[in-house]
Structure formats: structure tokens, C-alpha cells
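Chains as they are written, first to last, in my numbering: chain A, 104 to 341; chain B, 104 to 341. Taking it in order: structure first as C-alpha cells, then the write-up.
Number of protein chains: 2
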Amino acid sequence: MNSHKVRFVLINTTHPGNIGASARAIKNMNFDELFLVSPRLYPHEEANARASGAEDVLKQARVFSSFQEAVRDCHLLFGTSSRQRALPIPLLTARQGAIRINEALRVGQKVAVLFGQERIGLTNDELSACHYHLMIPCNPLFPSLNLAAAVQIIAYELHLALQDVELPSSISSWVNTKEMEAFYSYLQETLIKLEFLNPRFPGHLMRKLRRLFNRIMIEENEMNILRGILAAIRKKIE
Amino acid sequence: MNSHKVRFVLINTTHPGNIGASARAIKNMNFDELFLVSPRLYPHEEANARASGAEDVLKQARVFSSFQEAVRDCHLLFGTSSRQRALPIPLLTARQGAIRINEALRVGQKVAVLFGQERIGLTNDELSACHYHLMIPCNPLFPSLNLAAAVQIIAYELHLALQDVELPSSISSWVNTKEMEAFYSYLQETLIKLEFLNPRFPGHLMRKLRRLFNRIMIEENEMNILRGILAAIRKKIE
Numbered sequence: 104m105n106s107h108k109v110r111f112v113l114i115n116t117t118h119p120g121n122i123g124a125s126a127r128a129i130k131n132m133n134f135d136e137l138f139l140v141s142p143r144l145y146p147h148e149e150a151n152a153r154a155s156g157a158e159d160v161l162k163q164a165r166v167f168s169s170f171q172e173a174v175r176d177c178h179l180l181f182g183t184s185s186r187q188r189a190l191p192i193p194l195l196t197a198r199q200g201a202i203r204i205n206e207a208l209r210v211g212q213k214v215a216v217l218f219g220q221e222r223i224g225l226t227n228d229e230l231s232a233c234h235y236h237l238m239i240p241c242n243p244l245f246p247s248l249n250l251a252a253a254v255q256i257i258a259y260e261l262h263l264a265l266q267d268v269e270l271p272s273s274i275s276s277w278v279n280t281k282e283m284e285a286f287y288s289y290l291q292e293t294l295i296k297l298e299f300l301n302p303r304f305p306g307h308l309m310r311k312l313r314r315l316f317n318r319i320m321i322e323e324n325e326m327n328i329l330r331g332i333l334a335a336i337r338k339k340i341e
Numbered sequence: 104m105n106s107h108k109v110r111f112v113l114i115n116t117t118h119p120g121n122i123g124a125s126a127r128a129i130k131n132m133n134f135d136e137l138f139l140v141s142p143r144l145y146p147h148e149e150a151n152a153r154a155s156g157a158e159d160v161l162k163q164a165r166v167f168s169s170f171q172e173a174v175r176d177c178h179l180l181f182g183t184s185s186r187q188r189a190l191p192i193p194l195l196t197a198r199q200g201a202i203r204i205n206e207a208l209r210v211g212q213k214v215a216v217l218f219g220q221e222r223i224g225l226t227n228d229e230l231s232a233c234h235y236h237l238m239i240p241c242n243p244l245f246p247s248l249n250l251a252a253a254v255q256i257i258a259y260e261l262h263l264a265l266q267d268v269e270l271p272s273s274i275s276s277w278v279n280t281k282e283m284e285a286f287y288s289y290l291q292e293t294l295i296k297l298e299f300l301n302p303r304f305p306g307h308l309m310r311k312l313r314r315l316f317n318r319i320m321i322e323e324n325e326m327n328i329l330r331g332i333l334a335a336i337r338k339k340i341e
């Protein structure tokens with residue numbers, strides 16, 4: 104699988120641990136392009152420690168002294184921020200933004216997503232250089248995400264948008280309706296033999312048992328176990 | 104805005120920083136219920152540092168010595184893991200799982216999401232106690248997310264799913280994990296008395312029966328029927 108082509112740009116990052124954690128977060132979601140603008144402490148052992156398997160992404164990370172330089176070959180810039188601004192630019196949620204970015208990539212645009220300094224986020228100047236303002240929906244009373252956590256969510260939404268998600272499948276052999284009916288008959292007979300069920304009025308209780316078993320899809324091998332239990336009961340009491 | 108009611112359970116966490124970062128991650132997404140099972144180092148200053156504004160969630164976090172205790176009042180358990188297992192349980196992506204959890208909360212079920220130890224994830228035993236296996240779609244060549252990053256993505260998807268328009272709900276009285284355990288014991292004893300189960304090797308078959316019953320949420324009145332059937336069997340054969 105080729106890596107997705109979106110650039111993640113971290114501006115003025117204070118904690119080197121967040122740089123390493125961001126490298127890991129984007130690699131987890133199949134990205135590899137990390138650009139750093141004036142990081143306070145970098146390279147740093149804390150960045151390596153938190154990268155934890157994404158040292159390759161960290162090693163390739165390019166460092167710039169201005170964000171304009173870091174995005175000069177890009178076409179479309181997305182600035183992440185939890186705060187609305189006085190002079191707003193078009194605002195998208197992370198999920199909406201991912202769809203927009205997918206569209207951009209498919210027409211050959213180069214896209215960068217910008218993340219500001221931990222404490223203050225993107226400055227007004229940085230955000231106003233962007234085409235879109237990306238916002239991660241969250242608790243309005245506690246909206247400040249950890250930097251690497253924000254990178255993780257954006258990378259995750261992009262990964263989902265940029266490829267069809269295929270889950271590994273596990274095919275089972277399921278019991279069909281006819282087999283279920285045979286099971287219910289056998290169950291009903293057995294419950295009557297157990298004197299648990301009144302043979303003159305089986306309906307109410309059997310309906311409840313059907314309602315219960317209808318909430319599961321039963322596999323063939325499980326049905327064999329259930330039938331085995333009923334057979335063992337009948338052998339014992341007959 | 105009231106906080107969302109889902110329990111986040113971290114099992115055998117090695118790094119206290121991940122506990123603090125998880126507290127922050129869930130508070131960012133408007134959750135506050137963090138349960139810890141046998142954390143290696145806790146309380147710890149690194150947990151406090153990474154909580155960074157979520158010290159209240161951390162302070163309320165309850166600590167247990169077994170995960171069974173931490174979820175005994177819960178009805179529906181979701182285990183997060185990036186690995187498929189030999190005996191699979193129903194598999195959902197994070198997004199699908201969030202929709203399923205929304206449905207469960209609306210019928211009055213108490214839900215917990217379990218996260219395993221950093222290096223190894225959930226054990227087979229822990230995952231097989233769950234009703235669903237939650238998987239975060241990611242890079243198959245580098246699927247191991249940082250623990251707090253995984254918590255962040257799950258909390259984010261849940262926040263989005265739970266703030267949806269509220270549908271009318273129908274509250275039932277559900278059987279909880281503790282009552283299910285009592286049922287399994289009674290079932291196992293009964294199957295041994297029936298000579299259906301070899302008392303020296305009950306494990307394999309009981310795991311299959313657990314896997315089957317874990318796919319249903321059982322109501323109290325249904326449990327009374329099941330228990331009644333087992334009692335009738337024992338009365339008959341004793």
C-alpha cells in the first residue's frame with residue numbers, strides 16, 4: 104500500500120515528545136510527510152522515544168524556519184484550531200475536511216495540514232494563510248487537545264477518507280430458518296418432557312424463547328452444541 | 104452539556120503518562136469515567152503532567168485488581184485490538200462501534216470499552232469476555248497505536264455518535280456481567296451433571312457457549328426462563 108500524500112506541518116512545537124508522537128500517529132495512518140517549523144527542541148531523545156517505531160518518519164522530517172517555506176509547493180492549506188477567529192475562513196469539521204482533501208488530491212493538488220504551538224495554537228496570521236479552518240468537534244468546556252492527539256484524529260479521518268476501509272472478514276456457516284424451526288420444535292418437546300412447559304399452553308413461553316434466540320445468528324457448530332445439550336437432557340430423563 | 108456515559112477501562116497500563124493522556128483525551132470528548140485495572144505505576148507525577156487540565160477525571164479514576172470487577176455492573180463490553188484472534192467475536196470499526204454503542208445507551212445498557220497493556224494489547228481471555236471487538240482502521244504495516252491515541256480516536260468517534268439527534272428510547276432491565284457469570288457457573292454445573300461436559304476439561308466448550316450467549320443481550324425476565332430451564336433439568340435428574 105502506498106502512503107497517502109498529505110503533508111503534516113507542526114509549527115513552533117514546544118515539546119519534542121509531541122513531535123515523536125505525531126510521527127507515530129501519522130505513520131499509523133499511513134502518512135509519512137512530517138515538516139517541522141522552528142521546533143524548540145529538536146532533534147531530541149524524547150522525540151525518538153515517543154516515535155516508537157516511526158523513527159523513519161522522524162528521520163525524514165524536514166525542518167524550516169518559516170511556515171511559508173514549509174508549504175511553498177502546496178496548493179491547499181488546512182489550519183487546525185479549536186478557536187473561532189474574528190476574521191473567519193471557511194470552517195470544516197475534521198470529517199468534512201477529510202472529504203474535501205480527498206477531492207483535492209484526486210485533482211492533483213498538494214495539501215498541507217498545519218498545527219500550531221501547543222499552548223496557543225495557530226496564530227491569526229498562520230490561520231489566515233490557510234484556505235480552510237479545520238475544527239475537531241469536542242467538549243466545548245475543555246477543547247484543547249494534546250497536539251499529537253489532534254494530529255492523530257486528523258490523520259485517522261484522512262486515512263478513512265482516502266481509502267476504502269477493508270476489514271478482514273471471517274466467514275461462518277450460519278444456521279438457516281428451517282434449521283432454527285427444527286431446533287424450536289425439539290426445544291419445545293424437551294421442555295414439555297422436563298415438565299417446565301405446559302403442553303396445553305406452550306405459546307407464550309416459546310415466543311419469549313424465540314425472541315431471545317432470534318437476537319443471535321447461530322453458527323452450525325454452535326447449533327450442534329445446543330442440540331447435543333437437548334439430547335443429553337432427554338437421554339437422562341427417559 | 105452532560106458528560107457522555109461510557110466507561111473507559113485501561114488494563115495493566117505500563118506507562119503512567121498514557122493514563123494521564125487518556126484522562127485528557129476522554130475529557131476532551133466529554134467523557135469522565137476512567138477505570139484502571141492494575142496500573143504498573145499509579146498515582147504518578149507523569150500521569151498528572153500529561154492530564155494537563157483533566158486532573159479531575161484522573162482524581163475520580165477508580166483502580167481495580169481485575170477487569171471483571173471493573174465491569175461487573177456493565178452490560179456490553181467492547182474490546183479494542185488491532186489483531187484478529189483465532190476464536191473471533193463480532194468485529195466492528197471504531198465508527199461502526201460508536202453507532203452500536205449509541206444504540207445500547209438508548210436502551211439503558213451500561214457500556215465499557217477496554218484497552219489492553221501497551222505492548223501486547225488485550226489478552227485472548229480479556230477479549231473473549233467482550234461482546235464486540237473494536238478495530239481502528241490503520242496502516243496494516245504499522246498498526247500499533249499509542250494507547251492514549253487509541254483512546255482518543257474511540258472517544259472522538261463516540262462523541263460524534265452520541266451527540267446525534269436523540270431517538271426515543273426503550274429502557275429494558277438487562278442482565279449484567281456478574282449475573283451472566285452466575286448463569287455460566289450454573290450452566291456448567293448442570294452440563295456436568297448431564298454428563299454432557301467432562302468436568303476435567305470444561306474450558307473449550309464453555310468458551311464456545313460464552314461466545315454464543317455474549318452475542319445476545321439478555322433481559323432479566325429472559326434470564327429467569329433460562330434459569331428455570333436449568334432448575335427443571337436438575338430437579339428431574341437428581
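Note that beta-carbon positions come from the ideal geometry of N, C-alpha and C, so glycine has one too.
Check: DSSP state of Lys213(B), grouped into three classes?
Finding: Within the second sequence, the letter at position 110 stands for residue 213(B). Lys213(B): coil per DSSP, three-state reduction.
Notebook entry, point to check: Taking C-beta to C-beta, are Leu230(A) and Gly200(A) nearer than 9 Å?
Noted result: Walking along the first sequence from the start, residue 230(A) turns up at place 127. Walking along the first sequence from the start, residue 200(A) turns up at place 97. In this structure, Gly200(A) does not lie closer than 9 Å to Leu230(A) by Cβ.
Margin query: With a threshold of 9 Å between beta carbons, is Cys241(B) in contact with chain A?
Written below: As a first step, residue 241(B) must be located in the second sequence, where it is residue number 138. Interface residue, yes.
Next item on the list: Measure from the C-beta of Phe286(A) to each C-beta in chain B and report whether the shortest distance is under 9 Å.
Entry: Stepping through the first sequence from its first residue, residue 286(A) is reached at position 183. Chain B contact via Cβ: absent.
Margin query: Tell me which residues of the segment 159-177 of chain A have at least one Cβ-Cβ distance to chain B shorter than 9 Å, keeping chain order.
Written below: none
Checklist line | Under the three-state DSSP convention, the category Phe111(B) falls into | finding: As a first step, residue 111(B) is located in the second sequence; it is residue number 8 there, counting from the start. Three-state result, Phe111(B): strand.
Next item on the list: Determine the extent of the beta strand (DSSP E) in which Tyr235(B) is found, giving its start and end residues.
Entry: Residue numbering aside, residue 235(B) sits at position 132 when the second sequence is read from its first letter. Its beta strand (DSSP E) spans residues Tyr235 to Met238.
Notebook entry, point to check: Taking all protein chains shown into account, do 16 or more other C-beta atoms lie within 10 angstroms of the C-beta of Trp277(B), making it buried, or fewer, making it exposed?
Noted result: Indexing the second sequence from 1 puts residue 277(B) at position 174. Answer is buried; the Cβ neighbour count reaches 16.
Notebook entry, point to check: For Phe134(A), which of Glu322(A), Ile256(A) and Ile295(A) has the nearest alpha-carbon?
Noted result: By 1-based counting over the first sequence, the position of residue 134(A) is 31. Taking Phe134(A) as reference, the option from Glu322(A), Ile256(A) and Ile295(A) with the minimal CA-CA separation is Ile256(A).
Checklist line | Burial state of His307(B) (16 or more Cβ within 10 Å) | finding: If you number the second sequence from 1, residue 307(B) lands on position 204. Exposed, by the Cβ-count rule.
Notebook entry, point to check: What residues are listed by DSSP as bridge partners for Gln220(A)?
Noted result: In the first sequence, counting from the first residue as 1, residue 220(A) sits at position 117. Per DSSP, Gly224(A).
Check: On the three-state DSSP scale, how would you describe Thr183(A)?
Finding: On the first sequence, residue 183(A) is found 80 positions in, with the first residue counted as 1. It is a strand residue.
Next item on the list: Would you tell me roughly how many angstroms separate the C-alpha atoms of Ala128(B) and Val254(B), rounded to the nearest one?
Entry: Walking along the second sequence from the start, residue 128(B) turns up at place 25. Walking along the second sequence from the start, residue 254(B) turns up at place 151. The alpha-carbon atoms of Ala128(B) and Val254(B) are separated by roughly 7 Å.
Check: So what does DSSP say about Arg165(B), is it helix, strand or coil?
Finding: What you label residue 165(B) is simply residue 62 of the second sequence in a count that begins at 1. Three-state DSSP puts Arg165(B) in a strand.
Next item on the list: Report the residue from Lys162(A), Asn279(A) and Leu294(A) whose alpha carbon sits nearest the alpha carbon of Asn324(A).
Entry: Translated into positions along the first sequence, residue 324(A) becomes position 221. Closest by alpha carbon: Asn279(A).
Checklist line | Best match in Ile202(B), Ala152(B) and Leu333(B) for proximity to Tyr287(B) [C-alpha to C-alpha] | finding: Against the second sequence, residue 287(B) aligns to sequence position 184. Selected option, being the one with the closest Cα: Leu333(B).
Check: Cα separation between Gln368(A) and Arg203(B)?
Finding: Chain A is shown only over 104 to 341; residue 368(A) falls outside these bounds and no answer can be derived.
Notebook entry, point to check: Among Val216(A), Glu298(A), Tyr289(A) and Glu158(A), which residue has its Cα nearest to the Cα of Ala126(A)?
Noted result: Position 23 of the first sequence, counted from the start, is the residue given in the question as residue 126(A). The residue with the shortest Cα to Cα distance from Ala126(A) is Glu158(A).
Check: Along chain A, in chain order, which residues have C-beta atoms closer than 8 Å to that of Leu297(B)?
Finding: As a working note, residue 297(B) is residue 194 in the second sequence. The contacting residues are Ile332, Ala335, Ile336 and Lys339.
Checklist line | Proximal chain A residues relative to Phe111(B), where beta-carbon distance stays under 7 Å | finding: For this step, residue 111(B) is matched to residue 8 along the second sequence. Those within 7 Å of Phe111(B) in chain A number zero; the least Cβ separation is about 14 Å.
Next item on the list: For Ile122(B), count neighbouring C-beta atoms within 10 Å of its own C-beta (all shown protein chains included) and say buried if the count is 16 or more, exposed if not.
Entry: Numbered from 1 along the second sequence, position 19 holds the residue referred to as residue 122(B). Ile122(B) comes out buried.
Next item on the list: Could you tell me whether the Cβ atoms of Thr116(A) and Arg153(A) are closer together than 9 Å?
Entry: For the purposes of this step, residue 116(A) is taken as residue 13 along the first sequence, with counting starting at 1. For the purposes of this step, residue 153(A) is taken as residue 50 along the first sequence, with counting starting at 1. No. Outside cutoff.
Next item on the list: Starting from Leu315(B), follow the alpha helix (DSSP H) in both directions and report where the run begins and ends.
Entry: Locating residue 315(B) in the second sequence gives position 212, counting from the first residue. Gly306 to Phe316 is the extent of the alpha helix (DSSP H) around Leu315(B).
Margin query: I want to verify the contact list: residues of chain A whose CB lies under 8 Å from the CB of Ala124(B), in sequence order.
Written below: In the second sequence, the residue the question calls residue 124(B) occupies position 21. Here the neighbours are Asn249 and Ala252.
Next item on the list: Say whether chain B places a C-beta atom closer than 9 Å to the C-beta of Ile328(A).
Entry: As a first step, residue 328(A) must be located in the first sequence, where it is residue number 225. Closer than 9 Å: yes.
Next item on the list: Taking only the alpha-carbon atoms, compute the straight-line gap between Leu265(A) and Ala173(B) and give it to the nearest angstrom.
Entry: The sequence position of residue 265(A) within the first sequence is 162, counting from 1. The sequence position of residue 173(B) within the second sequence is 70, counting from 1. So the two alpha carbons sit approximately 38 Å from each other.
Check: According to the Cβ coordinates, are Ser247(A) and Gly156(B) closer than 9 Å?
Finding: Position 144 of the first sequence, counted from the first residue, corresponds to residue 247(A). Position 53 of the second sequence, counted from the first residue, corresponds to residue 156(B). Against a cut-off of 9 Å, the Cβ pair of Gly156(B) and Ser247(A) comes out as a contact.
Notebook entry, point to check: Would you say Asn133(A) reaches chain B, if we count a Cβ-Cβ gap shorter than 9 Å as a contact?
Noted result: Here residue 133(A) refers to the residue found at position 30 when the first sequence is read from its first residue. At least one chain B Cβ lies under 9 Å of Asn133(A).
Notebook entry, point to check: Under 9 Å between C-beta atoms, does Tyr259(A) make it to chain B?
Noted result: Taking the first sequence and counting its residues from 1, one reaches residue 259(A) at position 156. Yes, Tyr259(A) lies at the interface with chain B (some Cβ there is under 9 Å from its Cβ).
Check: According to the neighbour-count rule (16 or more other Cβ atoms, all chains shown, within 10 Å of its Cβ), is Arg314(A) buried or exposed?
Finding: Taking the first sequence and counting its residues from 1, one reaches residue 314(A) at position 211. Arg314(A) is exposed by the Cβ-count criterion.
Checklist line | Contacting positions in the segment 304-330 of chain B - beta carbon closer than 9 Å to chain A | finding: Leu308, Lys311, Leu312, Arg314, Leu315, Phe316, Arg318, Ile319, Met320, Ile321, Glu322, Asn324, Glu325, Ile328 and Leu329
Next item on the list: Give me the Cα-Cα distance between Lys281(A) and Glu298(B), rounded to the nearest whole angstrom.
Entry: Translated into the one-based positions of the first sequence, residue 281(A) becomes position 178. Translated into the one-based positions of the second sequence, residue 298(B) becomes position 195. The alpha-carbon atoms of Lys281(A) and Glu298(B) are separated by roughly 29 Å.
Checklist line | Min CB distance Gly156(B) to chain A below 9 Å | finding: Indexing the second sequence from 1 puts residue 156(B) at position 53. For Gly156(B), the answer is yes, since a Cβ of chain A falls inside 9 Å of its Cβ.
Next item on the list: Output yes if chain A places a C-beta closer than 9 Å to the C-beta of Thr245(B); else output no.
Entry: By one-based count along the second sequence, residue 245(B) stands at place 142. It should be noted that the sequence gives Phe, not Thr, for residue 245(B). Yes, because at least one Cβ of chain A sits closer than 9 Å to the Cβ of Phe245(B).
Notebook entry, point to check: For Ser184(A), is the classification buried or exposed, using 16 other Cβ atoms within 10 angstroms of its Cβ as the cut-off for buried?
Noted result: Stepping through the first sequence from its first residue, residue 184(A) is reached at position 81. Burial call: buried.
Note to self: Given this structure, state the Cα-to-Cα distance separating Ile114(A) from Leu263(A), to the nearest angstrom.
What the structure shows: Position 11 of the first sequence holds residue 114(A). Position 160 of the first sequence holds residue 263(A). If you take the alpha carbons of Ile114(A) and Leu263(A), they lie about 25 Å apart.
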